[in-house]
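Sequential numbering of the sequence shown, starting at -12, is according to my numbering.
Just so you know, even glycine gets a beta-carbon here, dropped at the ideal spot from N, CA and C.
The model shown is predicted, which means the values in this text are computed figures rather than measured ones.
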Amino acid sequence: MSGDKNKPHELDARWHSALGQLTGGLSPAALLTAYVDWGLHLIGSPDKQSELVKEALSSVPNPKPQSDPRFADATWSAFPFNLYAQSFLATQNWWDTATTNLSGVDPKHAQIVSFAARQWLDMFSPSNFAATNPQVQERTRQEGGQNLIRGARYWMEDLNRLLTKKPRQSGNYNVGKELATTPGDVVLHNDLVELIRYRPTTEKVHPEPILIVPAWIMKYYILDLTAQRSLVAYLRDQGFEVFILSWKNPDQKDADLSLQDYVDLGVRAAITKIKAMGCTRLHAAGYCLGGTLLAIVTAAMARDGDDSLASVSLLASQVDFSEPGELGLFINESQVAFLEDIMATRGYLKADQMAGAFQLLRSNDLVWSRVIRHYLLGERTPDNPLLAWNADATRMPARMHTEYLRRLFLQNDLAKGRFEVDGATVALSDIRTKVYCVGTEADHVSPWVSVYRLLLLTDTDVTFVLTSGGHNGGILSEPGRAGRHFRCGYKAKNDTHITASDWFDRHQPKDGSWWQHWAKWLTKHSSPVVPPRKVDLEGCDPAPGHYVLG
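Quick look at the structure:
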């Protein structure tokens, strides 16, 4: 009997898994539902139809191509390329009008349709074709077509990698050699994490070490990228003993790992180990979803009366998912159910399916600009540390990923005080630990206005910093890097709330790196320095450990 009940679900899972191979893991039903909602309301709106006809027949001058980065080069101002660009931008504006401000459409459906329209239009931009791109034509004349021959070879190489499912590998940047090279030791190894302790370089250190919790959807060494761009090395050199979690890259046998496991085997296990090494209190910092997980653990510790954390720092981390930005377009009931069926067949979500969603959010920067550069101009993007890290993607276990999508994204349980740890709810408002919160101006994964909502949900002192750059580049903002700036403000626990836009207007940018500001803040909330504690490293493997290589 039970087999008969499960059989329909098995068929659904197999069908959706096969379909997901063609759609990149996106649910066709979710997209179709949005288009039906938009289309029916457009049919029933004569005013909108009239507006669109007027715009199509308008004699208003076409937009200036220079306003779009794709057409900023001076060659686009010459005939006929200026007409190509103007026509494309006019079409883009028309579709923007058609898919926005239509009364009665579900706002999320309208955003999905508008987003999908932009993706299709971006695909047919005149900048993407050799016949309509003046820069490509000029390069072709200069090289006698050799750029197109190289581009064809690059295309064949990439197609072969796609068919064989082998990502482009960097030969110049390897983990443990050029990447993740800060000296350290693996002081804890369990079924989910390795805890790395970095060797102090200063004669004295603050008694409170720093535990860094990276996101489980990325390899930890984004924060120990190179000797010049290592956040952990910078903190170490400021007189802190630094620890970081390295998550296991899960496979099919890890399908049943839950968020509770990530709490217990991850953050809690690390805190227990660090305290067993001789410290009574510590600082904790979380990056991206690692910060979300750390906020959950901090709230649970506050609920249980545990004051082991001297401070908490959340870097580009959301705790309220009511405004997740365009990434939220990929997460609804239809999409989550579709992903659940895909994961049911293998026990985890493949790394390339998450990467595909992130690429769609910035298709001009991450997809089409590369098409032009690689296949039309015949230029390969040179190897660099960030590119090598980005290609080193991770998987997500089925149960944990489902809980994360449903409980955090769909239901927003953490912000609403409904999230459970150990079978009991936790509340962000219980946190009394001082918090340092960082958002990045151009973040497409954790929009800074969403990160800023932490100030509304907590009842403690919060220092909020907004730095230039995106989700990764804004956090990797080492001192001495040109063109960097940040804003910073302070909210005491009894202060009245101000909106994100008002906060932005009230705080002027400061030149430099937020790292230096953070280090001073950590020092202020630390005890006076003492000689480094002695640590028994017998039997410990050296950093970067084994899990990062999986």
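Cα-Cα separation, Val522 to Phe406:
Against the sequence shown, residue 522 aligns to sequence position 535. Against the sequence shown, residue 406 aligns to sequence position 419. Roughly 37 Å separates the two Cα atoms.
For Met383, list the residues DSSP reports as bridge partners.
Position 396 of the sequence shown, counting from 1, holds the residue named residue 383. Among the bridge pairs identified by DSSP, Met383 is matched with Leu336.
Taking the alpha-carbon positions, what's the Thr332 to Leu244 distance?
Indexing the sequence shown from 1 puts residue 332 at position 345. Indexing the sequence shown from 1 puts residue 244 at position 257. The alpha-carbon atoms of Thr332 and Leu244 are separated by roughly 16 Å.
Under the three-state reduction of DSSP, which class applies to Ala65: helix, strand or coil?
To locate residue 65, count along the sequence shown from 1; it is residue 78. In the structure shown, the three-state DSSP call for Ala65 is coil.
Would Arg474 pass as a contact of Lys497 if the rule is Cβ separation under 9 Å?
Taking the sequence shown and counting its residues from 1, the one referred to as residue 474 is at position 487. Taking the sequence shown and counting its residues from 1, the one referred to as residue 497 is at position 510. Closer than 9 Å, so yes.
Would you mind reading off the limits of the beta strand (DSSP E) that contains Trp234?
Counting from one through the sequence shown, the residue named residue 234 turns up at place 247. Per DSSP, the continuous beta strand (DSSP E) segment holding Trp234 begins and ends at Val229 to Trp234.
How about Val219 and Arg255: do their beta carbons lie closer than 9 Å?
The residue given as residue 219 occupies position 232 in the sequence shown. The residue given as residue 255 occupies position 268 in the sequence shown. Cβ atoms of Val219 and Arg255: not closer than 9 Å.
In the DSSP assignment, find the unbroken alpha helix (DSSP H) run with His504 in it and report its ends.
For the purposes of this step, residue 504 is taken as residue 517 along the sequence shown, with counting starting at 1. Where His504 is concerned, the enclosing alpha helix (DSSP H) stretches over Trp501 to Lys511.
In whole angstroms, give me the CA-to-CA distance for Leu179 and Ser64.
As a working mapping, residue 179 is identified with position 192 in the sequence shown. As a working mapping, residue 64 is identified with position 77 in the sequence shown. If you draw a straight line from the Cα of Leu179 to the Cα of Ser64, it is about 56 Å long.
So is Phe111 buried or exposed if we call it buried at 16+ other beta carbons inside 10 Å?
The residue you call residue 111 lines up with position 124 of the sequence shown. By the 10 Å Cβ count, Phe111 comes out exposed.
Which residues share a DSSP beta bridge with Tyr274?
As a working note, residue 274 is residue 287 in the sequence shown. Tyr274 is bridged to Leu302.
Look up Thr445 in the DSSP assignment and say whether it is helix, strand or coil.
Mapped onto the sequence shown, residue 445 falls at position 458. Thr445 falls in the coil class under three-state DSSP.
Note down, in chain order, each residue of its chain lying with its Cβ closer than 6 Å to the Cβ of Leu363, except the 5 sequence neighbours on either side.
The count along the sequence shown starts at 1 and reaches residue 363 at position 376. Result list for Leu363: Ala117, Val123 and Gly138, in chain order.
The beta strand (DSSP E) with Gly171 in it runs from where to where?
Here the question's residue 171 lines up with position 184 in the sequence shown. Run containing Gly171: Gly171 to His176, per the beta strand (DSSP E) assignment.
Whole angstroms is fine: what's the gap from Asn80's alpha carbon to Thr87's?
For the purposes of this step, residue 80 is taken as residue 93 along the sequence shown, with counting starting at 1. For the purposes of this step, residue 87 is taken as residue 100 along the sequence shown, with counting starting at 1. C-alpha separation (whole angstroms): 11 Å.
Would a C-beta distance cut-off of 9 Å place Thr84 and Leu108 closer than the cut-off?
Here residue 84 refers to the residue found at position 97 of the sequence shown. Here residue 108 refers to the residue found at position 121 of the sequence shown. No.
Every unbroken beta strand (DSSP E) inside the segment 58 to 112 [3 residues or more]:
Here no run is fully enclosed.
Alpha carbon to alpha carbon, how far is Gln133 from Arg140?
Reading the sequence shown from its first residue, position 146 is the one you call residue 133. Reading the sequence shown from its first residue, position 153 is the one you call residue 140. Between the alpha carbons of Gln133 and Arg140 lies a gap of roughly 11 Å.
Measure the C-alpha to C-alpha separation of Ser321 and Pro15 and round it to an integer number of angstroms.
Taking the sequence shown and counting its residues from 1, one reaches residue 321 at position 334. Taking the sequence shown and counting its residues from 1, one reaches residue 15 at position 28. Cα to Cα, the separation comes out at about 9 Å.
CA nearest to the CA of Thr538, picked from Leu444, Pro515, Ala303 and Arg440:
Residue 538 is absent from the structure shown; the chain starts at -12 and stops at 537.
Could you spell out the range, first to last residue, of the alpha helix (DSSP H) harbouring Tyr477?
For this step, residue 477 is matched to residue 490 along the sequence shown. Residue range His472 to Lys478 is occupied by the beta strand (DSSP E) that includes Tyr477, with no alpha helix (DSSP H) assigned at that position.
Rounded to whole angstroms, what's the CA-CA distance from Ala263 to Leu252? Just pull it up for me.
For the purposes of this step, residue 263 is taken as the residue at position 276 of the sequence shown. For the purposes of this step, residue 252 is taken as the residue at position 265 of the sequence shown. For the pair Ala263 and Leu252, the Cα-to-Cα distance works out to about 16 Å.
Quick one, which of Thr381, Phe58 and Trp490 has its alpha-carbon nearest Thr119's?
Locating residue 119 in the sequence shown gives position 132, where the first residue counts as 1. Answer by Cα proximity: Phe58.
Decide yes or no for the touch test of the segment 278 to 293 against the segment 516 to 535: beta carbon pairs closer than 8 Å, at least 3 of them.
Inter-segment contact for the segment 278 to 293 and the segment 516 to 535 is absent: fewer than three beta-carbon pairs are separated by less than 8 Å.
Just verifying my parser: in three-state terms, what is the DSSP assignment at Asp145?
The residue given as residue 145 occupies position 158 in the sequence shown. It is helical.
Distance between beta carbons of Val299 and Thr420, contact taken as under 8 Å
To locate residue 420, count along the sequence shown from 1; it is residue 433. To locate residue 299, count along the sequence shown from 1; it is residue 312. With a beta-carbon spacing of about 5 Å, Thr420 and Val299 fall inside the 8 Å limit used to define contacts.
Near the ligand HEM: Ala414 beta-carbon under 8 Å from a heavy atom
The ligand HEM is not among the ligands present in this structure, which contains no ligands whatsoever.
Under a Cβ-count criterion, where at least 16 other Cβ atoms within 10 Å of its own Cβ denotes burial, should Ala297 be classed as buried or exposed?
Residue numbering aside, residue 297 sits at position 310 when the sequence shown is read from its first letter. Flag for Ala297 reads buried.
Would you tell me roughly how many angstroms separate the C-alpha atoms of Gln225 and Ile197, rounded to the nearest one?
Reading the sequence shown from its first residue, position 238 is the one you call residue 225. Reading the sequence shown from its first residue, position 210 is the one you call residue 197. Cα to Cα, the separation comes out at about 12 Å.
Once DSSP output is grouped into helix, strand and coil, what is the label at Pro187?
Position 200 of the sequence shown, counted from the first residue, corresponds to residue 187. Pro187: coil per DSSP, three-state reduction.
For the candidate residues Gly91, Lys95, Ser74 and Ile136, whose alpha-carbon lies nearest to that of Tyr113?
On the sequence shown, residue 113 is found 126 positions in, with the first residue counted as 1. A small correction: the amino acid at residue 113 is Pro; Tyr does not occupy that position in the sequence shown. Sorting Gly91, Lys95, Ser74 and Ile136 by C-alpha distance to the C-alpha of Pro113 places Ser74 at the top.
On the criterion of 16 or more Cβ atoms from any shown chain inside 10 Å, does Asp492 qualify as buried, or is it exposed?
Locating residue 492 in the sequence shown gives position 505, counting from the first residue. Answer is exposed; the Cβ neighbour count stays below 16.
Other residues of its chain near Asp409: CB distance less than 8 Å, five sequence neighbours each side excluded
As a working mapping, residue 409 is identified with position 422 in the sequence shown. For Asp409, where only same-chain residues beyond five positions count, the Cβ hits under 8 Å are Gln247 and Ala287.
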